[in-house]
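Enquirer:
There are 2 protein chains.
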Amino acid sequence: MNQPESRQACGPTASEQDQRSRERLLRAAVDVFDRKGYAAASVREIVERAGITKPVLYYHFGSKEGILVAILEEAARQFQKAVTRAAQRPGSARERLAALCEEIYSLFKQNVPVVRVAHAVYFGPREGLPPFDFNVFDRTLADALHRIVEEGMATGELRRAPIDDVSTLINGVIEVCTDQELNPHVTPIGLDGLHRVLNLIFEGLVATHEGKEN
Amino acid sequence: MNQPESRQACGPTASEQDQRSRERLLRAAVDVFDRKGYAAASVREIVERAGITKPVLYYHFGSKEGILVAILEEAARQFQKAVTRAAQRPGSARERLAALCEEIYSLFKQNVPVVRVAHAVYFGPREGLPPFDFNVFDRTLADALHRIVEEGMATGELRRAPIDDVSTLINGVIEVCTDQELNPHVTPIGLDGLHRVLNLIFEGLVATHEGKEN
DNA sequence: GTCTATACAATGATAGAC
DNA sequence: GTCTATCATTGTATAGAC
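Just so you know, the sequences run in chain order E and L.
If you're matching positions, the first sequence starts at -1 in the numbering used here and goes up one per residue.
If you're matching positions, the second sequence starts at -1 in the numbering used here and goes up one per residue.
#1: For valine 54/L, which option in Thr176/L, Ser19/L, Phe135/L and Pro88/L has the closest C-alpha, if you only look at C-alpha atoms?
#2: In whole angstroms, give me the CA-to-CA distance for leucine 167/L and isoleucine 199/L.
#3: Could you round the C-beta distance between lysine 34/L and proline 123/E to whole angstroms and report it? I think they count as a contact, below 8 Å.
#4: Between leucine 196/E and chain L, is the shortest Cβ-Cβ distance under 7 Å, so that the two count as touching?
#5: Would you list the one or two residues that DSSP bridges to leucine 156/L?
#6: Grouping DSSP H, G and I as helix and E and B as strand, with all else coil, what is valine 30/L?
#7: So with Cβ pairs under 7 Å, would you call histidine 58/E a contact of chain L?
#8: Shorter than 6 Å, the distance from the beta carbon of glutamate 149/L to the closest heavy atom of the ligand GDP, or not?
#9: Using only the alpha-carbon positions, how far apart do valine 112/E and aspartate 162/E sit?
#10: Work out the CA separation of valine 171/E and phenylalanine 59/L for me, nearest whole Å.
#11: Counting only beta-carbon separations shorter than 7 Å, does alanine 140/E have a partner in chain L?
#12: Return the residue from the list Asn109/L, Gln15/L, Phe77/L and His117/L that minimises the CA-CA distance to leucine 98/L.
#13: Could you give the first and the last residue of the continuous alpha helix (DSSP H) run that contains tyrosine 57/E?
#14: On the three-state DSSP scale, how would you describe aspartate 131/L?
#15: In chain E, which residues lie less than 8 Å from glycine 182/L when you measure between Cβ atoms?
#16: Arginine 42/E versus chain L: which residues are under 9 Å apart at the beta carbon?
#17: Going along chain E, which residues have a C-beta under 9 Å from asparagine 109/L?
#18: For a cutoff of 7 Å on Cβ pairs, would you count alanine 205/L as touching chain E?
#19: Under 7 Å, Cβ to Cβ, is there at least one residue of chain L near aspartate 163/E?
#20: How about threonine 185/L: is its C-beta nearer than 7 Å to some C-beta of chain E?
#21: Alpha carbon to alpha carbon, what distance is there between glutamate 173/L and valine 41/L?
#22: Between which two residues does the alpha helix (DSSP H) harbouring tyrosine 36/L extend?
#23: Is there at least one Cβ from chain L nearer than 7 Å to alanine 37/E's Cβ?
#24: Take leucine 156/E and list the residues in its own chain whose beta-carbon comes closer than 7 Å to its own, dropping the five residues that flank it on each side.
#25: Taking only beta-carbon positions, decide if arginine 33/L is within less than 7 Å of chain E.
#26: Just the C-alpha distance for alanine 142/L and threonine 153/E, rounded to the nearest angstrom, thanks.
#27: Closest to glutamate 21/E by C-alpha separation, out of Ile50/E, Ala39/E, Ile102/E and Leu196/E, would be which residue?
#28: Under 8 Å Cβ-Cβ, which residues of chain E neighbour phenylalanine 121/L?
#29: Between the Cα of glutamate 93/L and the Cα atoms of Asn197/L, Leu203/L, Thr206/L and Ala73/L, which residue gives the shortest distance?
#30: So is phenylalanine 77/L in contact with chain E if we call contact Cβ pairs under 7 Å?
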């Protein structure tokens, strides 16, 4: 995999060819898993779409499950990177929460097929699960949310309330907006809509706030 | 199916036996679809679990897909019934929205396996879909939400805002709470949590409301 | 590292008796 | 309406040559 490359430029190396096949397989697998579902996807269709043959897939990933795990691991890396990046931004709690939601929404919007595959596996059957820790997504997001909300309450910017409830609520906003991107029959609310909904929960839905102290 | 029953009570009728097999098959199918996923579920396992044989399944439902559609249709009926019942309740917009959320949450909580199956198919692969209108769920809920929110704004109880944004928000609260029931790794927020989160969005997250007029 | 050819298990569905 | 027995197809995975 990592052998030194002391050679002239005269066509693809063996390991370059290697990487190219790997990437083609990953792209093809995401596409087929997305359209057919993991269980109904056939190795035959994946390799045909990648323009190579079956043994190449088994050489690189060992099994059909192996290529799914590789996809999920890459998705988890991207997700953690995005959340970490957003969580480190400066500003008020409200700004930082909005930035976090925006970051995740954009990431999902740019990778809809992968997100659909991950979503399907996450909520999918409990028997026959691939060896992958699905809760990295939850934990990563929950930690970031918890930290920001806690600070927002400490500075008095946010109302006192159970932190986990607030996290759940923000989680719901992200979820409902991203889920709209996954469903082909629904017209997504978009980034603007996401911000409008966030404003709603910060300002509150009721018109008169006579009893808001606590 | 509906032949008259002019006979003494001396053991199960043919049509009674019929219904019994049908129900056993439906229960077994929900269980196996839930655990293995629709595509990975085998007819063999379903009929074994139901304690009957393959031809009985094909006699009643025609195909593996047919039994899935039957499950979804029954789920849609239950859902519409629950939403209609909740939407007709009296009270303030806030009370009615809470009642609607509670009704749906309770229905889902009492039928987790079926909901998981429906959820998986709803977000599942677009190719190989069963002949079923998945948007009955969306439309039923969206209509009910729209009506209540509209009335709440007309009476001045709720702040003026895009109705669809408010609907999306309530939708997100329902979604995030019910999704927690579907994921075995997460401890659900429960009915109390649902109400706390709803209170949060009605009252708003920010501590000081200096610019809350529109 | 990639190919051709194939092993072998499991699947959805049906024919025909009762 | 329910059974036994069976079919044709498709699936994942691999052996062995290059």
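Note that the Cβ used here is the ideal one computed from N, Cα and C, for glycine as well.
Expert: Considering the structure as presented:
#1: Taking the second sequence and counting its residues from 1, the one referred to as residue 54/L is at position 56. When only C-alpha atoms are compared, the closest one is Ser19/L.
#2: Taking the first residue of the second sequence as position 1, residue 167/L is located at position 169. Taking the first residue of the second sequence as position 1, residue 199/L is located at position 201. Leucine 167/L and isoleucine 199/L have their C-alpha atoms some 9 Å from each other.
#3: Start at 1 with the first residue of the second sequence, and residue 34/L comes out as number 36. Start at 1 with the first residue of the first sequence, and residue 123/E comes out as number 125. Right, their Cβ atoms sit about 5 Å apart.
#4: For the purposes of this step, residue 196/E is taken as residue 198 along the first sequence, with counting starting at 1. So no, leucine 196/E is outside the interface.
#5: Reading the second sequence from its first residue, position 158 is the one you call residue 156/L. For leucine 156/L, which the question treats as bridged, DSSP gives the partners Val204/E.
#6: Counting from one through the second sequence, the residue named residue 30/L turns up at place 32. Look at valine 30/L here: in three-state DSSP terms it is helix.
#7: Indexing the first sequence from 1 puts residue 58/E at position 60. Taking Cβ atoms only, chain L never reaches closer than 7 Å to histidine 58/E, which makes this a no.
#8: Looking for the ligand GDP in the displayed structure turns up nothing, as the structure carries no ligands at all.
#9: The residue labelled residue 112/E in the question sits at position 114 within the first sequence. The residue labelled residue 162/E in the question sits at position 164 within the first sequence. Counting only the Cα atoms, aspartate 162/E lies some 28 Å from valine 112/E.
#10: What you label residue 59/L is simply residue 61 of the second sequence in a count that begins at 1. What you label residue 171/E is simply residue 173 of the first sequence in a count that begins at 1. Taking the straight line from one Cα to the other gives about 39 Å.
#11: Against the first sequence, residue 140/E aligns to sequence position 142. Taking 7 Å as the threshold, the shortest C-beta distance from alanine 140/E to chain L does not fall below it.
#12: Walking along the second sequence from the start, residue 98/L turns up at place 100. Distances from the CA of leucine 98/L to each of Asn109/L, Gln15/L, Phe77/L and His117/L were compared; the closest alpha carbon is that of Phe77/L.
#13: Here residue 57/E corresponds to residue number 59 of the first sequence, with the count starting at 1. Run containing tyrosine 57/E: 52 to 59, per the alpha helix (DSSP H) assignment.
#14: One-based indexing of the second sequence puts residue 131/L at position 133. Three-state result, aspartate 131/L: coil.
#15: Here residue 182/L corresponds to residue number 184 of the second sequence, with the count starting at 1. The residue asked about is misnamed: residue 182/L is proline in this sequence, not glycine. Ordered by position in chain E, the residues that pass the 8 Å Cβ test against proline 182/L are Arg124.
#16: Within the first sequence, the letter at position 44 stands for residue 42/E. Within chain L, no C-beta atom comes nearer than 9 Å to that of arginine 42/E; the closest sits roughly 15 Å away.
#17: As a first step, residue 109/L must be located in the second sequence, where it is residue number 111. Using a Cβ-Cβ cut-off of 9 Å, asparagine 109/L is close to nothing in chain E; its nearest Cβ partner there is about 16 Å away.
#18: Reading the second sequence from its first residue, position 207 is the one you call residue 205/L. Yes, its Cβ sits closer than 7 Å to a Cβ of chain E.
#19: The sequence position of residue 163/E within the first sequence is 165, counting from 1. For aspartate 163/E, a Cβ of chain L is located within less than 7 Å of the residue's own Cβ.
#20: Residue 185/L sits at position 187 when you count from the first residue of the second sequence. Among the residues facing chain E, threonine 185/L is not included, as its CB has no counterpart in that chain under 7 Å away.
#21: Residue numbering aside, residue 41/L sits at position 43 when the second sequence is read from its first letter. Residue numbering aside, residue 173/L sits at position 175 when the second sequence is read from its first letter. Pairing valine 41/L with glutamate 173/L, the inter-Cα distance amounts to about 31 Å.
#22: Working through the second sequence from its first residue, we reach residue 36/L at position 38. That residue, tyrosine 36/L, is in no alpha helix (DSSP H); it is neither H nor E in DSSP.
#23: Position 39 of the first sequence, counting from 1, holds the residue named residue 37/E. Yes, alanine 37/E counts as interfacial toward chain L.
#24: Locating residue 156/E in the first sequence gives position 158, counting from the first residue. Only Ala91, Val147 and Gly150 meet the Cβ criterion.
#25: Sequence index remark: in the second sequence, residue 33/L carries index 35 (1-based). Chain E, which has a Cβ nearer than 7 Å to the Cβ of arginine 33/L, makes this yes.
#26: The sequence position of residue 142/L within the second sequence is 144, counting from 1. The sequence position of residue 153/E within the first sequence is 155, counting from 1. Computed Cα separation, rounded: 39 Å.
#27: Start at 1 with the first residue of the first sequence, and residue 21/E comes out as number 23. For the set Ile50/E, Ala39/E, Ile102/E and Leu196/E, the Cα lying nearest the Cα of glutamate 21/E is the one of Ile50/E.
#28: Residue 121/L sits at position 123 when you count from the first residue of the second sequence. Residues of chain E passing the Cβ test: Arg114, His117, Ala118, Phe121, Asp177, Leu180 and Asn181.
#29: On the second sequence, residue 93/L is found 95 positions in, with the first residue counted as 1. Put simply, of Asn197/L, Leu203/L, Thr206/L and Ala73/L the residue whose alpha carbon is nearest the alpha carbon of glutamate 93/L is Asn197/L.
#30: Reading the second sequence from its first residue, position 79 is the one you call residue 77/L. Output row for phenylalanine 77/L: interface = no.
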